[in-house]
Structures are given as structure tokens and as C-alpha cells.
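J.: Below are the C-alpha cells for one structure; questions will follow.
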Amino acid sequence: MSDDGGSAEIRHDQARWSTNGTYEPLLSEKDSTEIAVDADTAGLPDELTRDSVELPNLSESELSRHYTRLSQQTYGITSGPYPLGSCTMKYNPTFTEDVAALPGAAVHPDRSEGSTQGTLELLYRLQGYLARIGGMDAVTLQPPAGAAGEFVGIRVAAAYHEHNGEGHRDEVIVPESAHGTNFATAALGGYDVVSLPSDEHGRVDLDALEAALSENTAALMLTNPNTLGLFERDIETIAEMVHDVGGLLYYDGANLNALLGRARPGDMGFDVMHYNVHKTFATPHGGGGPGAGPVGVVAELAPFLPAPRVREADAESAAEPQEADSPDPTTDSTGTTYELFDPEHTIGHVHGFQGNWLVLVKAFAYIARLGDEGLADASAKAVLNANYLGSQIDYEIPYGPFHHEFVASAGEQDAADVAKRMLDYGVHPPTTKWPEIVSQALMTEPTEVETKSTLDQLAAAFNAVAEEDDATIEAAPNRTTAKRIDQTSAARNPRLSWQALDADDE
Ligand SMILES: *Cc1c(COP(=O)(O)O)cnc(C)c1O
1 MSDDGGSAEI RHDQARWSTN GTYEPLLSEK DSTEIAVDAD TAGLPDELTR DSVELPNLSE
61 SELSRHYTRL SQQTYGITSG PYPLGSCTMK YNPTFTEDVA ALPGAAVHPD RSEGSTQGTL
121 ELLYRLQGYL ARIGGMDAVT LQPPAGAAGE FVGIRVAAAY HEHNGEGHRD EVIVPESAHG
181 TNFATAALGG YDVVSLPSDE HGRVDLDALE AALSENTAAL MLTNPNTLGL FERDIETIAE
241 MVHDVGGLLY YDGANLNALL GRARPGDMGF DVMHYNVHKT FATPHGGGGP GAGPVGVVAE
301 LAPFLPAPRV READAESAAE PQEADSPDPT TDSTGTTYEL FDPEHTIGHV HGFQGNWLVL
361 VKAFAYIARL GDEGLADASA KAVLNANYLG SQIDYEIPYG PFHHEFVASA GEQDAADVAK
421 RMLDYGVHPP TTKWPEIVSQ ALMTEPTEVE TKSTLDQLAA AFNAVAEEDD ATIEAAPNRT
481 TAKRIDQTSA ARNPRLSWQA LDADDE
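Counting in the UniProt record's numbering, the sequence shown runs from 1 upward without gaps.
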């Protein structure tokens, strides 16, 4: 990690060069044409107007090839297997895109309730699907990502404690092996973070939990199966211990893919959870979103959820004439009317309107298409695939039995080098160096969408790299457009406008 801005910028720019010497120029490098501006600028100050603008003047075929070449320089779920543990990088079936592209899905968010009954019904039914899948009583669809859902969940927990005159609770307990967002959420929510060690089997250490719990505990955040893919067998005891001191149990839903249709966080004693719609429910993932991180809660917490939510209008209000933008308001087949409402003690708005609507449409389409049986089948195959892959690789897997993912150890090798070398074998590597409880961690989650032959291809890549010497893996990757990018510096010191590189910089 280097804070040396200058050289980091150059490295960042070099990422556009491929190792085999091909470079895909920017559109503005391919062509720059002065195009006269023909606009009425009357009344605008002179310094804000111009007569011409330089733009690339290219044909549609040139544009199409440019973007196709760029897409070929990246690796996505449509390129090959993507076993990035914890992230659940599963293939997004295109029928969900077809549903999101239906003309009826293009709704202006300011339209009235009366003219958007179909939209509200979809949201209402999705709230219900998610509540049922998670064993929760009420759901908000607003948060735009898992991490945002965590924040909302912890704010809801805080509002609940505050409302009960227990605002003194100032600690959130987070297992050492948790996702970084859990620690960040607790801290951002204004809590002191109490870190919880794992026992020798990789699960919650009950003695350590006992010691951490007190009348200051606001919540314990857990994922189950945990980040090692292990089911917390003592979850009912854990829930009891947390509830006994008046704390709440938070479920990080990122690993819900292991439980879908089989076990429900609500039944295990969790009080509040988020769902990573872009992980579990096959909506596109990565590249910065958009995603969705709905939050489900038990009945006691429902009055604190963000506003607005959707409900069936009661008979009284349904009888009142609806304000309508269009003379033909869409109603559902049963004639039920839906309305937005603010929960009684709401923590307020956390996103514009209803959240990332089209992402929610895709999640709805996915759940509706799979149904109960399909969801249970997805989790069965996710677990089967992880266990088959785990049985085929030569790297040691210290903890088990695991479910939808496992954490292997790269042993004497550096996990980051292993990951870079796997790219040369044409597959995406696993998540590396996390959780830290496994040294040189290779956190691997194949998901249910891969076939046996793809899993065999993945295993072959793991096993080929396992045999290689340090010099070979340290030199990798050799076949990708970009080699090793200094991502930290690129993120901290981004170049937000294009400047041609000087010959000296290359
Ligand atoms: C992905 C993930 C998150 C955060 O979810 P985002 O949707 O990426 O914000 C939280 N916890 C775990 C365990 C995760 O894998």
C-alpha cells in the first residue's frame, strides 16, 4: 500500500495497457472533432457559453466495437466461474431483465398512489416474500445495499432501545470473523464495537459471549452460516443469552443463499436482518451497484422502520376516492388497494422514494419464478457445489463441515499471489486473506449456478497453482489486460478527468 500519489497515478493509468501490447484508446483519442454549438445562449454570461465543442465523431459500429473490446478486457459472471466467497456471485438470469424492461416498470417516482397501484402491489408482495423467507414480521425495501441495510437495522435497534428508555445501551458485539461492514455499521451507528473471538471450531465462543454481554449490549451482529461457511449450532442458546440481557440479535443476510427455503433467521431468534438482494436473489452485482439491502424485523421493531412502507389500504381509506394521474388506475385482480404509510415511530427516510425500484423488480421476478421449491433447490445446490469443490482441491480446509462456502488455506503460498495466478488459468479467484482466522485464506463460494464440469475446471486451476513455485505465482497474472493494480492508491487518489500520458510516464 503506497501513499506515493505520483507513481500511483502512473500505475493506475498503466492499467489500461494490456500485457500483450494492445491498448484500447479512449473514444476521445480515436477522434476529436470540433462541432459547432447551435444553441440559443441569449441571456447567459459570455464565460458560460461556447461556439463549438470537441467530441468524438464516430460511427455506431466503431462505438459498438470499442465497448465490446473493453468488455472483453474485464472478467464478469458471464465470462466464467466467479467463486468470490461471501459475495455470492451467481449468474443473473436474463428473464429478470426482461421483466424490469416491461413498459409498466418505468414509473415516475412522483406519480400518485392511485395511478401506481401495480407498483405498490409489487413492493407489497416483495415485502411479504422477504418477510416469509427470513421469518420476519415486517420489511422495508429502501436501503440500497447490504451495508446500508445494516446501518438501517442498527438505527432501528437504537430507536427501539431509546423508545424503551434504554438509550444507555452503547455496545454492539461483532465476531472477529465478521465482514468489515459490521464493524463499520456499529461504529457509524454511534456504538462502541466489542470484538468477539471464535472458539477452536471457528464458531462463536459462548464463554467469550457471556463475558461480552451486559446491560450495555444493544445488539450482537452475526451471520449464519458464518464467514467460514459453518452453521452456528448454538444459535438458539446465543439468541437466549442476548435476549436475557435485553439486547437484540442482528442477522447479516449475506449468507442467506445457504439457508434459502430451509431455515429462517426469524425462527433461530434473530430480531432484525438485512437481505442482500444482489447476492441471494440474483440481481446484478458488482461495479458499484445498484443493489438493494431490504431490512426485515420482528413485530416489536416494525414501528421504527424507515418511511414510507406499503400496506393494504384499510376498508375506510380504500373507500375514499383515490387521487389519480391517469383516468385508468391499475388495480390488481383482487381489487385490493395499496397505500404508502409512515410507521409510527419511524427513523425517517433513508433513500429517495422506495429504494432501487428496478433492482427490486428483478428480485421479485426471481423469487416469483423460483417459488418455494426453487429457492430450496438453489440452497441445496449451493451447499452441494461448495462441498464437491472443497473435496476436489488440494489446499487444506481447516474448518468444517461447511455449507455454501469454505475457507481453504494457501499454506506457505501468499493467497494474493494464488489469486492472481488463477486468473492465468481463466477463472476468477476466491476472496483472499479474510477471515483472518485462517492463515492465507482462500474464501471460496462457487454458488448453485455452476455445473460439475465448471467446478472441475475451478478445481484444476486451484490444484495447478498449488503445485507452482513462488517465482511463478509472484509474476502472475500474465494473460490479463491489467496486471497488479494499486487499488488503494487508485481509490484514494483517482484521476477524474482524462489527460493523455506523456511518453515519459509510460
Ligand atoms: C457483501 C457483504 C456485506 C455487505 O453487503 P453490500 O451489499 O456489499 O453492501 C455484509 N456482510 C457480508 C458477510 C457480506 O458478504
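Where is the CB? At the ideal position from N, CA and C, for every residue including glycine.
1) Which of the three DSSP states, helix, strand or coil, is assigned to GLU24?
2) Would you call the CB atoms of GLY293 and PRO144 closer than 9 Å?
3) State buried or exposed for VAL37, treating a residue as buried only when at least 16 other CB atoms are found within 10 Å of its CB.
4) Measuring straight from C-alpha to C-alpha, what distance separates THR181 and LYS433?
5) Specify the secondary structure class of PRO294 as computed by DSSP and reduced to three states.
6) Does the distance from the C-beta atom of MET273 to that of PRO265 stay below 9 Å?
7) Is the distance from the Cβ of GLU405 to the Cβ of ALA258 below 9 Å?
8) Cβ of ALA460 within 9 Å of Cβ of VAL438?
9) Excluding five sequence neighbours on each side, which residues of the same chain lie with their C-beta closer than 6 Å to the C-beta of LEU375?
10) Among residues of its own chain, excluding the 5 on either side of THR185, which ones have a beta-carbon nearer than 6 Å to its beta-carbon?
11) Looking at the unbroken alpha helix (DSSP H) that takes in TYR67, where does it start and where does it end?
12) In its own chain, which residues sit with a C-beta less than 6 Å from the C-beta of ASN216, not counting the 5 before and 5 after it?
13) Residue 508 to GLN72, Cα distance in whole Å?
14) Please say whether PHE304 and THR337 have beta carbons closer to each other than 9 Å?
15) My output table needs one value for VAL242: the three-state DSSP class, helix, strand or coil.
16) On the DSSP bridge list, what partners appear for ARG311?
17) Look at THR96 and TRP357 and say whether their C-beta atoms are less than 9 Å apart.
18) Which of helix, strand or coil does DSSP assign to PRO494?
19) I'd like the list of long-range same chain contacts for PRO343, defined as Cβ closer than 7 Å, with 5 residues on each side in sequence excluded.
20) Pick out whichever of GLN440, HIS161, VAL359, ASP377 has its Cα sitting closest to the Cα of HIS278.
21) Tell me whether ASN164 is buried or exposed, calling it buried when 16 or more other Cβ atoms sit within 10 Å of its Cβ.
22) Could you give the first and the last residue of the continuous beta strand (DSSP E) run that contains MET273?
23) Is it the case that the Cβ atoms of ALA282 and TYR129 are separated by a distance below 9 Å?
24) Name the DSSP bridge partner or partners of LEU220?
T.: Straight from the coordinates:
1) Numbered from its first residue, the sequence shown carries residue 24 at position 24. GLU24: coil per DSSP, three-state reduction.
2) Along the sequence shown, read from residue 1 onward, the residue named residue 293 stands at position 293. Along the sequence shown, read from residue 1 onward, the residue named residue 144 stands at position 144. Cβ distance < 9 Å, so GLY293 and PRO144 count as in contact.
3) The residue you call residue 37 lines up with position 37 of the sequence shown. Classification for VAL37: exposed.
4) Sequence index remark: in the sequence shown, residue 181 carries index 181 (1-based). Sequence index remark: in the sequence shown, residue 433 carries index 433 (1-based). Going by the C-alpha atoms only, they are around 16 Å apart.
5) Here the question's residue 294 lines up with position 294 in the sequence shown. PRO294: coil per DSSP, three-state reduction.
6) Along the sequence shown, read from residue 1 onward, the residue named residue 273 stands at position 273. Along the sequence shown, read from residue 1 onward, the residue named residue 265 stands at position 265. Yes, the Cβ-Cβ distance between MET273 and PRO265 is below 9 Å.
7) As a working note, residue 405 is residue 405 in the sequence shown. As a working note, residue 258 is residue 258 in the sequence shown. In contact: GLU405 and ALA258 (Cβ atoms closer than 9 Å).
8) What you label residue 460 is simply residue 460 of the sequence shown in a count that begins at 1. What you label residue 438 is simply residue 438 of the sequence shown in a count that begins at 1. No; because the gap between Cβ atoms is not below 9 Å, this pair is not in contact.
9) Within the sequence shown, residue 375 is the residue found at index 375, counting from 1. Around LEU375: LEU260, GLY261.
10) Here the question's residue 185 lines up with position 185 in the sequence shown. Once the five neighbours on either side are set aside, the close Cβ partners of THR185 are GLU150, PHE151, ILE154.
11) Counting from 1 along the sequence shown, the entry for residue 67 is found at position 67. Unbroken alpha helix (DSSP H) run through TYR67: 60-72.
12) Stepping through the sequence shown from its first residue, residue 216 is reached at position 216. Correct list, in chain order: ARG169, ASP170, GLU171.
13) In the structure displayed, the chain extends from 1 to 506; residue 508 sits before or after that span and is not available.
14) For the purposes of this step, residue 337 is taken as the residue at position 337 of the sequence shown. For the purposes of this step, residue 304 is taken as the residue at position 304 of the sequence shown. Not a contact, by the Cβ cut-off of 9 Å.
15) Locating residue 242 in the sequence shown gives position 242, where the first residue counts as 1. If DSSP states are grouped into helix, strand and coil, VAL242 belongs with the helices.
16) On the sequence shown, position 311 is the one that residue 311 refers to. DSSP, once it has assigned bridges, lists GLU339 as partnering ARG311.
17) Translated into positions along the sequence shown, residue 96 becomes position 96. Translated into positions along the sequence shown, residue 357 becomes position 357. Against a cut-off of 9 Å, the Cβ pair of TRP357 and THR96 comes out as no contact.
18) Here the question's residue 494 lines up with position 494 in the sequence shown. If DSSP states are grouped into helix, strand and coil, PRO494 belongs with coil.
19) As a working mapping, residue 343 is identified with position 343 in the sequence shown. Around PRO343: ALA302, PRO303, PHE304, LEU305, ALA307, ARG309.
20) Here residue 278 refers to the residue found at position 278 of the sequence shown. Residue VAL359 is the option with its Cα nearest to HIS278.
21) Numbered from 1 along the sequence shown, position 164 holds the residue referred to as residue 164. When all chains shown are included, ASN164 counts as exposed.
22) On the sequence shown, position 273 is the one that residue 273 refers to. Taken as a continuous stretch (DSSP letters only), the beta strand (DSSP E) holding MET273 covers 272-274.
23) Counting from 1 along the sequence shown, the entry for residue 282 is found at position 282. Counting from 1 along the sequence shown, the entry for residue 129 is found at position 129. No, the Cβ-Cβ distance between ALA282 and TYR129 is not below 9 Å.
24) In the sequence shown, the residue the question calls residue 220 occupies position 220. Per DSSP, ILE173, LEU249.
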